[in-house]
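Accompanying notes for the structure given below.
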Amino acid sequence: MKKLCSLALFLSFWGIAFSQTTISGTVIDETGEPLIGVNIVLQSDNTVGAITDFNGEYTLEVPNTNDSLVFTYIGYEPQTLAIAGRSQINLTMKLQTNVLDDIVVVGYGVQRKSDLTGSISSVDAEELNRVSSGNVEQLLQGRVAGVQVTPASGSPGTGAIIRIRGTGTLNDASPLFVVDGMLLNDIDFLNPNDIQSLEVLKDASATAIYGSRGANGVIIITTRKGRTQETQISVDAYYGRQEVVTQIDLTNAAEFAQLANEVAINEGRQPTFDDPAAFGEGTNWQDVIFRSAPIQSYQISANGGNENMTFNVSANFFDQQGIIRGSGFERLTARVNNEYKLFEGVKVGHNVSFIRTNRENGPGVLTMAYRAEPVIPVFNEDGSFADATVRIPVGNPEASIFYNNNNNTGNRLVGNLYMDVNFLKHFTFRTNFGFDDNRGQGKSFVPVFEVSPTSLQRNEESSLNVSSSTVKSWLWENTLTYSQEWDNHRLTLLGGMTSQEFSFENLGGSRRNFLGETEEFFYLSAGEAETQTNFNSGSEWSMLSYLFRVNYVFGDRYLLTASMRADGSSKFGENNRYGYFPSLALGWNLTNENFMQNVEFLSRLKLRGSWGIIGNEKIGAYAGKPTVTSNINAVFGVTEQLQSGASIVDLANPDIRWEETEQTNIGVEMGFFNNRLIAELDYYIRTTSDILVAVPIPDYVGSDSNPVVNAATVENKGVDINLQWRDNIGKLSYNIGAIASTVNNEVLALGDGQEEIFGGGLGVGGLLGTRTVVGLPIGAYYGYITEGIFQNAQELENYPTRGPETPGDLRFKDVDGDGVITTEDRTYIGSPIPDFIYAFNAGFEISGFDFAIEFNGQSGNKIINAKKMARFGTYNFETSFLDRWTEEGSSNTEPKVTNGGHNYEVSDRFIEDGAFTRLRTLQLGYTLPRNLLERFGLSKLRVYVIGNNLVTWTDYSGYTPEISSGSVISVGIDGGVYPIAKTYTVGLQVGF
Amino acid sequence: MKSLLYKNRLALIMMLLLTACSEDFLEKKPLGQLSSDTFFTTEEHAILSTNTVYSMLRNWEVHVFSYIGITDIVSDDADKGSTPNDANFLTEIDNFTFDPGNTAFGGVWSGFYRGIYRANLNINRIPEIDMNQALKERLIGENKFLRAYFYFKLVRWFGDVPLITVPLNPDEYKQARTPAAQVYALIEQDLLDAAASLPTSYPPDDVGRITQGAAQGLLSKVYLTQGNFAGAEQYAMAVINSGNYALFPNYSELFQPQGENSSESLFEVQAAAFEIGGGGTQYNEVQGVRGVPNLGWGFNRPSDDLVKAYESGDPRRDATIFYPGEVLPDGSDIIRDNPNIENERFNQKAWVPDHPGGNGNGPGNIRILRYADVLLIAAEALNENGKAQEALTYLNMVRARARGNNQNLLPDVTTTNQAALRQRIWQERRVELAMEQQRWFDLQRQGRVGEVMRNVGKNFVDGKHELFPIPQTEIDLSGGLMIQNPNY
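As they're listed, the protein sequences go chains A and B.
Here the first sequence is numbered in my numbering, starting from 1149 and rising by one per residue.
Here the second sequence is numbered in my numbering, starting from 38 and rising by one per residue.
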């Protein structure tokens, strides 16, 4: 029997009576946004002070109401206001320079940017919305130096693969997400319009407080909070169209028939088609599956509150149809972020969102359209579907779309409840209970159909698969913060304890032979009971952690941060149950030194350095424990009955423990010309050791799956650069910026006796196209180097061969020079990891118009065009096959056309350059003048148009050069990726 | 307390958080699964885990697509079949243009070794279970037979293979190839142990489990393969003299549902197709008549050479090969012509009348070892051992069953010339066991595979193609300890 973790909470109270006056108020900026972290001290005694909270609110006890308050906030003009007997003092602070948002959300708290010792980048919420996508992960692309964002696919509603400062593991290298204090592994649910601020934590000083979950970086998101103001209603709406950016160049029917005949001849068979030219253009299957698809989002929100309660309530409807027919995604989000003041110094609040999704899963026709013969029409003359399976096992995509019924619906409740108690002036106790309850249901129905009486594309019995899943997590955090300022000292201590538990359960079943084939029959009861199957499984894991941090600032010049977290996880064996993750960082604000006061052009200069150890524990819940797999059944008996089977068919590793990443970071932050130019430069080295990975093991071991071991060491090092220029010319304000990062990824060790890790199943036979070895990047491509084509029999004699070559076949380089081509001649043929990632942006505002343009890109990485390699039969061809060798001297690059064999060995024939630059955003907006709007009772009206992904400059032949993969040892392998769309959007923002 | 809190001027509260968290919070058991901590402790566990080895026999990687490829399609019995462009890797097998990357080799290698791992686990863990001794010995015997069966196929396909007899620890994952002789030694020992501990038959609910006769029959084939004719004779005769087996009267029906687990059966992969899916194999589907009515894929087309191999009027030819226009054995339909298939023929022995639970859910038992095979092993061994007269007895038993009631067909063989009789026995094996995945192994052990292959126009290279290449992936993962077969 499982015992619940019992937490005993002891409260003790002291009543201490002082003769004091409480002053409270709200500090906002000129746009009405609350300012977080404004420093407020008593003029006569600067040991009496407060800092504004998330809502820009503060409370301060003063002994004397004849005194004055001094409000300071970096980047804003300081102000001194006489109390004059008031108990509420609100203030609008004016910008001092162009520097905005000088308070930064850090793990378990907020900090002034000037006090930061870690590498943390803030993303402006407004910038996020310059891309029309429902998924916040995709919006992060090109926003932060050192962050690589690769869309997981262009399929509606899908997320992205995020790599912060390179790939630090062979395992799951995605960052941790913290939304309003709730630790999450994904943010698919999040509505971009609800975001108030987003911080990317990159170095150990920032992430070590998240211990075993921080090694791949942390993204902290704060959603919009209510403000003490008159209720404001705002409406945001946009509508757009999406189109495929490019089609892959495939052969038309005549070209296909010609090549198919040559394949047949080259493989010793009779030509397939009598008169290839007669086929003409034939069918372009890509035209069949792609469409122009709408994307739209509508949001209404209300924000307001008073001293005792603030609220932010929003509702959003997002709808994106896929550019591949039959796919789509809808999401309804409702959010209530409220805070209540119970007593003086005691606040409770909640940030809760409820999300409903409906995803239409496409029938997977992308690969079919790539492969289907163009000589087959879409429809026969009588209007029925044409049979595409005549010669190859590839169906008619149109028929697949027609017969597809596959939907997923989801309901998710995510949020937190918290209580803050301020006491004894310097203490804040916070208890935070976070929850995530994610329930999904999937239904997939296949009707009875046959494309034609002889077609293989058919289904003889209707069937329905229903599955539901529940993913639940709760988190309980209790932290105590002590803040004290005296003389030149500023000290913050944080201690806490957290526990989190996760559980997963799925339940499903299937039946066949349904009473009807319309939606009202998509229930298992409508199927034949004798055909029923069911399943139900679950898993759970838990963590228990203790954390501690000290921040100390001396004289606004010398900064120190030290932290420690201890994590215990149920995923790991008892011997390795707890891990300890320390960090230490120092900073120096040179601009606050006396000797720097005369350097006029330099408005800011800070040096900082950090070191720490963080962990990564993203493996299966029971990876440390072998499990018994059941339902491996056998048939016996005269009456042929199933007898149950069960055994330990998967190997496990009881000794596994978390990976440890040691990260060192050196950074400099500079501001020039009154901070018109801001430059940030960071250099980092991240070394991850004991990397957990399911290393491919030989099949002769006989395990059904590969066990996880702590094997490897990987180093990432590089530079992150951020440059921003902002200025005004008269009424024109403008900005230009660039971010750039370099990544050098190198495997330092692979563990005892491990010389290489192969990955990346390619082609028909699952050839391994990546080889991870010491000294090269993770997942480096591995294969033969081509040196032309064997033109004639003489050349076959003259050059080394593997054996099967004939004239017209690829000639491989004899790398080891032994006079014969063997597997030993395979070598490094490219890296999947870009060594340079960049983005630049520019914008201006004048007379209500705003304009923004953004580019992003990467270089140095290669792609394996794996879809071209996998020819199980005579599929359609990429047009590159037309350059084939046909006779001596006809080609020295493209071999004679075949479906497999020698020319389909992994070689640089299939390697393409993955570099690209993309025009990510082009935006033009117009905000109507306020005096005009007031006549209509409006506070804001802005209309805008956005174009996303309009142009991509790349040499890659596929739909997109961004090829994602969940597995870091199989990256950049393009087996057919749902393309990213280009999008044109018009939008409207209205405030009441 | 409330009044205290309402007091405006108070600074209060000290909160102290004590945690009394039990260690249980971090102790999570697998859900919905048996725990490995307590597995292999009961009799039930021993049966469950043994059944997983049998389950492997129905696996795609063991007895289905690639398997057909490197037994029948590679031989002169069959061509690839299906449409010309379908499954290029099997075309390469058919034409001897394959290389170590061909997926067929990696497929069976993986499937057979998974079976070996499961058997190894059982052979090593069942002995420690406190349970009925007789049952324990039987189950270990079943596992040993199955392990021997898996290795016997591997050693004939690949030659030297890693000989693994215990579940490996991570530091043992890098293995070299073990000389074939040592692999054969284990096979023989396992089969001897199995023959000693297994029953001759099972109660009705357990029919299909490995018997003593199966172990002895397979052992005779193992000896025959190595040229140990005395051993082959000894164990083939042991099966014959046991009196537990008899030829099924009707050759054609032997491969239909009524012929499953017949008097002739020593070892069949047990399959059944349940309405809910499961229980079956794809053996029937991949070889089934392409398109309607069978919805098969049409692979493994009986070759021209096989068609010609039968003696005039031999009923076994019609029982083995389907042609378009032919009425299905159950009379339900005729085979319709498929214009996209050149020279259309199908393997009738893989035909099943129905496949409930999905096209890929074939209910046909896969006949691995049957009495006719043992009779011909006996005949071959006896002839080699100078007992031609006895050999003729068993050879002619097989011919007699084949001819059925038509006395004009398939006259008894009478020659006692050792060389001539050898040829007659080899010929008889071919037609009797055609399309049952035997031919390649027979040609290989008979030392004439290259000659026969070249005679049918295949690009067989002596010194190379006798053995298939070790899958390249496996060589890579062995850290280079495994060396490829010659000339690949």
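Note that the Cβ used here is the ideal one computed from N, Cα and C, for glycine as well.
Where residue i falls: helix, strand or coil (DSSP)
i: PRO1299 of chain A; result: strand
i: THR2022 of chain A; result: coil
i: GLU1649 of chain A; result: strand
i: SER119 of chain B; result: coil
i: SER1154 of chain A; result: Summary for SER1154 of chain A: the model assigns pLDDT 39, below 50, so the residue's position carries little reliability; its value from the coordinates is reported in the next sentence. SER1154 of chain A: strand per DSSP, three-state reduction.
i: VAL1271 of chain A; result: strand
i: ASN1781 of chain A; result: coil
i: SER1617 of chain A; result: strand
i: THR1116 of chain A; result: Since the first residue shown for chain A is 1149 and the last is 2140, residue 1116 of chain A is missing from the structure and cannot be characterised.
i: LEU446 of chain B; result: coil
i: GLU1181 of chain A; result: coil
i: ASP1249 of chain A; result: The pLDDT assigned to ASP1249 of chain A is 43, lower than 50, so where the model puts this residue is not dependable; a value taken from the coordinates is nonetheless given after this. The answer is coil: DSSP assigns ASP1249 of chain A none of H, G, I, E or B.
i: GLN464 of chain B; result: helix
i: ILE1549 of chain A; result: helix
i: ILE512 of chain B; result: helix
Under 9 Å between C-beta atoms of residue i and residue j
i: ASP1798 of chain A; j: THR1775 of chain A; result: yes
i: ASN1554 of chain A; j: SER1592 of chain A; result: yes
i: ASN2111 of chain A; j: VAL2125 of chain A; result: The residue you asked about is not Asn; residue 2111 of chain A is Ile in the sequence shown. Yes, they are a contact pair.
i: ALA232 of chain B; j: LEU261 of chain B; result: no
i: SER1611 of chain A; j: ARG1660 of chain A; result: yes
i: LEU1825 of chain A; j: GLY1815 of chain A; result: no
i: LEU1565 of chain A; j: ASN1580 of chain A; result: yes
i: SER1758 of chain A; j: GLY2120 of chain A; result: no
i: VAL1650 of chain A; j: SER1690 of chain A; result: According to the sequence displayed, residue 1650 of chain A carries Phe and not Val. Cβ distance < 9 Å, so PHE1650 of chain A and SER1690 of chain A count as in contact.
i: ILE1309 of chain A; j: SER2113 of chain A; result: yes
i: GLN319 of chain B; j: PHE359 of chain B; result: no
i: GLY2048 of chain A; j: PHE126 of chain B; result: yes
i: SER1303 of chain A; j: GLY1428 of chain A; result: no
i: SER1172 of chain A; j: THR1207 of chain A; result: yes
Nearest-angstrom beta carbon gap, residue j and residue i [assumed within contact, 8 Å]
i: ASP1313 of chain A; j: TYR1831 of chain A; result: The amino acid at residue 1313 of chain A is misidentified as Asp; the sequence shows Arg. Not really, about 11 Å apart at Cβ, beyond 8 Å.
i: ARG246 of chain B; j: GLU179 of chain B; result: 6 Å
i: ASN1864 of chain A; j: ARG1834 of chain A; result: 5 Å
i: VAL2054 of chain A; j: TYR1930 of chain A; result: 7 Å
i: VAL1895 of chain A; j: VAL1862 of chain A; result: 5 Å
i: GLY1588 of chain A; j: ASN1556 of chain A; result: 6 Å
Residue i versus the options, residue with shortest Cα-Cα distance
i: HIS100 of chain B; options: B:VAL145, B:ASP242 and B:ASP197; result: B:VAL145
i: THR1394 of chain A; options: A:ILE2117, A:PHE2140, A:VAL2134 and A:ASN2097; result: A:ASN2097
i: LEU1349 of chain A; options: A:ILE1762, A:ALA2018 and A:PHE2140; result: A:ILE1762
i: TYR1518 of chain A; options: A:LEU1288, A:PHE2025 and A:GLY1785; result: A:PHE2025
i: GLY1908 of chain A; options: A:ASN1764, A:LEU2089, A:SER2118 and A:ARG2090; result: A:SER2118
i: ALA272 of chain B; options: B:TYR282, B:SER279, B:GLY254 and B:PRO286; result: Sequence check: residue 272 of chain B is Tyr here, not Ala. Nearest C-alpha to TYR272 of chain B: B:GLY254.
i: ARG2184 of chain A; options: A:PHE1477, A:THR2131 and A:VAL1968; result: The first residue shown for chain A is 1149 and the last is 2140, placing residue 2184 of chain A beyond what the model contains.
i: PHE497 of chain B; options: B:LEU514, B:MET519, B:ILE507 and B:ASN524; result: B:ASN524
i: PHE149 of chain B; options: B:THR140, B:SER112, B:GLN70 and B:VAL90; result: B:VAL90
i: MET1567 of chain A; options: A:ILE1237, A:TRP1624 and A:GLY1512; result: A:TRP1624
i: VAL1867 of chain A; options: A:ASP1983, A:GLY1878 and A:GLY1927; result: A:ASP1983
i: GLY316 of chain B; options: B:ARG373, B:ILE163 and B:GLY397; result: B:GLY397
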